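Here the numbering used here is used: the first residue of the sequence shown is 55, the next is one more, and so on.
Where is the CB? At the ideal position from N, CA and C, for every residue including glycine.
Everything numeric in this text was worked out from a predicted model, so none of it was measured.
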Amino acid sequence: MATITQGAKRSRAVRANLIALPILLVIGLVWVYPFLWTISAAFKTQTGMFTSGASLVPDQWNFDNFVRAWVNAGFSGYFFNTVLYSAASTLVELIKAALCGYVLARYDFPGRTLLYRMIVGTLFIPVASIIVPQFVLIENLGLLNTRAGVILAMSGGAGALYVLLFVGFFSSVPSDLFEAAKLDGAGFLKTFQLILPLAKPVIAVVVIFQFISSWNEFNIPLVFTLGQPDLQNLAVGMLSFQGEHATDWTGFAAGMTISFLPMLMIFLFFQNYFTRGLAGATKG
């Protein structure tokens, strides 16, 4: 009887997979098609892009689009700026969120609950709405039209989620570890340095989320570098292909490919670690 029941369950599972698999393949194709079409358009001629329709195979391969994007449009400089902004802002955001989460999770001080609630409340504030006070602050600091100003502005918002992730993790760490560190004479920073390596899953999530967010940031690099266009990033650099009377669409497609392909490759390479990190962060 048990064998018959197990066989019936396997049969139902096979039928469900036969139905679900084609549906998932269609959904996946619809999702990935725009990316594939953009990459294909990057290798097409201007005429071929508009005459080939939805075809993903270029009639004539054209590599000049990447030359125009990398050299003529200045994407070599934009790429360097993007990597610098993303790496530096991610490091600042990681340190800031980890320290804040550590203090909120392990220390009891007046106003702690109010501060925690205020941080949670910032989750409902649009990041774009604080760009004006950020601009005034950066200008008063004398960092406008500088890379340091862009990095500081990109590190100054949308960190509440990361703080909450670290609060959840540090709250789950056994108190015995902190007591043992205190008995060994470890102070605030030393204890933090000893416990932080245990938060690798949360660190992975924060780094990936913040790096991708910084890589795709448009508003801050545009507004804070109006006087120095050579300090802009790849997202803003896309405007280089838009002329007064025409747009270089194939060059734009090449620029888009240069912009999103590295991030796509990095995500595919680290996707297993990302999944485990996200699961570990939510469990914390």
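In the three-state DSSP reduction, Q114 falls in the coil class, being neither helix nor strand.
Annotation: G213 to V221 spans about 12 Å, alpha carbon to alpha carbon. A distance of 8 Å or more separates the beta carbons of A95 and G309. For T99, the CB contacts under 6 Å within the same chain, skipping 5 residues up- and downstream, are Q114 and N116 in chain order.
As computed with DSSP, T136 is found in no beta bridge at all. In this chain, the alpha helix (DSSP H) harbouring T245 covers F242 to I249. For V181, the closest alpha carbon among the candidates L148, N199 and N273 is that of N273. Contact check between the region 147 to 155 and the region 283 to 294: fewer than three CB pairs, one atom from each, fall below 8 Å, which does not count as touching. Judged by DSSP in its simplified three-state form, T200 adopts coil rather than helix or strand. Going by DSSP, T105 is part of the alpha helix (DSSP H) stretching over Q100 to T105. Taking one beta carbon from each stretch, the region 286 to 294 and the region 262 to 278 have 3 or more pairs nearer than 8 Å; the two touch. Look at T301 here: in three-state DSSP terms it is strand. In the structure shown, Q282 falls within a coil segment according to DSSP collapsed to helix, strand and coil.
Under DSSP, the beta-bridge partners assigned to Q296 are T301. The DSSP-derived three-state label of F224 is helix. For L195, the secondary structure class from DSSP, reduced to helix, strand or coil, is coil. In the structure shown, the three-state DSSP call for S109 is coil. DSSP places N273 in the uninterrupted alpha helix (DSSP H) bounded by N273 to V277. Cβ-Cβ distances below 6 Å link S313 to L288 in the same chain, with the five nearest sequence neighbours on each side left out; the list follows chain order. Shown here, G175 sits in a helix according to DSSP, grouped into three states.
In this structure, G305 sits near N119, with a CB-CB distance shorter than 8 Å. In the DSSP assignment, V181 falls outside any alpha helix (DSSP H), carrying neither H nor E. In this structure, L322 lies away from V259, with their beta-carbon atoms at least 8 Å apart. For the 8 Å CB-CB criterion, L90 and L110 form a contact.
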